[in-house]
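Below is one structure, written out as structure tokens; comments come after it.
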């Protein structure tokens, strides 16, 4: 029994050591490649990655991703993402499994951000908003180089909102509009800013909402 248990322990230690060795050999020098769609021009100058396409130019700051290497492949059709440690050149650091997984997830995160930029400059992003409430209305005006939305949303005065340059607003009627942008983050922040402008009405459901959204209403108290 003692010999069998000793043999099992040796086998387990051997198998785990072999797995660690294979893991190290597998992880050194790996790259994560992302294909560049046609019609897109990519330029990388640390720490900014600039993506230009038919709908505009999107620049992403990648400074938060430490020890990140980005380069164009020889054919110029793909981006290669690598992670390196100080003093080494574009290779994975030798290390335990958790570190390799962490590096892999980080590279995937960067690749997803760049993919989102590709989609933004080719097809763009859009959000449809609608205004609900008796007497609520809006209109779009151009003042200088800015598009300004003037709104009657239940206050004693008009509410004005100036759109950032990266966001284009199209008003379809006095209660419906849609926003377009090649930057998903800027578009989301702009829509959220507009939604927050009116006072929250949990009884009648007045306000600015994404099209198709159904708010949860409270039942009015009966006297």
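Residue numbers (this note's numbering): 16 to 238. For every residue, glycine included, the Cβ atom is placed at its ideal position computed from N, Cα and C.
{"Asked": "Name, in chain order, the residues that DSSP records as bridge partners for residue 85.", "Found": "96"}
{"Asked": "Hey, residue 151 and residue 190 are a contact pair by Cβ (cut 8 Å); roughly how many whole angstroms apart?", "Found": "7 Å"}
{"Asked": "Alpha carbon to alpha carbon, how far is residue 233 from residue 220?", "Found": "9 Å"}
{"Asked": "Could you pull out every residue in the same chain whose Cβ sits closer than 8 Å to the Cβ of residue 209, ignoring the five residues on either side in sequence?", "Found": "144, 164, 176 and 223"}
{"Asked": "At 3 residues or longer, what runs of the beta strand (DSSP E) sit wholly inside the region 144-217?", "Found": "152-158, 161-167, 174-177, 182-188 and 191-196"}
{"Asked": "Determine the extent of the beta strand (DSSP E) in which residue 47 is found, giving its start and end residues.", "Found": "47-50"}
{"Asked": "By a C-beta neighbour count over all protein chains shown, 10 Å radius and 16 as the cutoff for buried, is residue 211 buried or exposed?", "Found": "exposed"}
{"Asked": "Can you give the Cα-Cα distance for residue 139 and residue 196, rounded to whole angstroms?", "Found": "6 Å"}
{"Asked": "Thinking just about the alpha-carbon of each residue, which of 126, 89, 79 and 131 is nearest to the one in residue 96?", "Found": "126"}
{"Asked": "Is the beta carbon of residue 230 sitting closer than 8 Å to the one on residue 205?", "Found": "no"}
{"Asked": "Where does residue 237 fall in DSSP's three states?", "Found": "coil"}
{"Asked": "Taking the alpha-carbon positions, what's the residue 171 to residue 153 distance?", "Found": "15 Å"}
{"Asked": "Under the rule that 16 or more other beta-carbon atoms within 10 Å means buried, what is residue 155, buried or exposed?", "Found": "exposed"}
{"Asked": "So is residue 53 buried or exposed if we call it buried at 16+ other beta carbons inside 10 Å?", "Found": "exposed"}
{"Asked": "Based on Cα-Cα distance, which residue from 46, 47, 70 and 83 lies nearest to residue 64?", "Found": "83"}
{"Asked": "Which one or two residues does DSSP pair with residue 67 in a beta bridge?", "Found": "56 and 72"}
{"Asked": "Taking C-alpha atoms, which residue in 77, 91 and 168 lies nearest to residue 216?", "Found": "168"}
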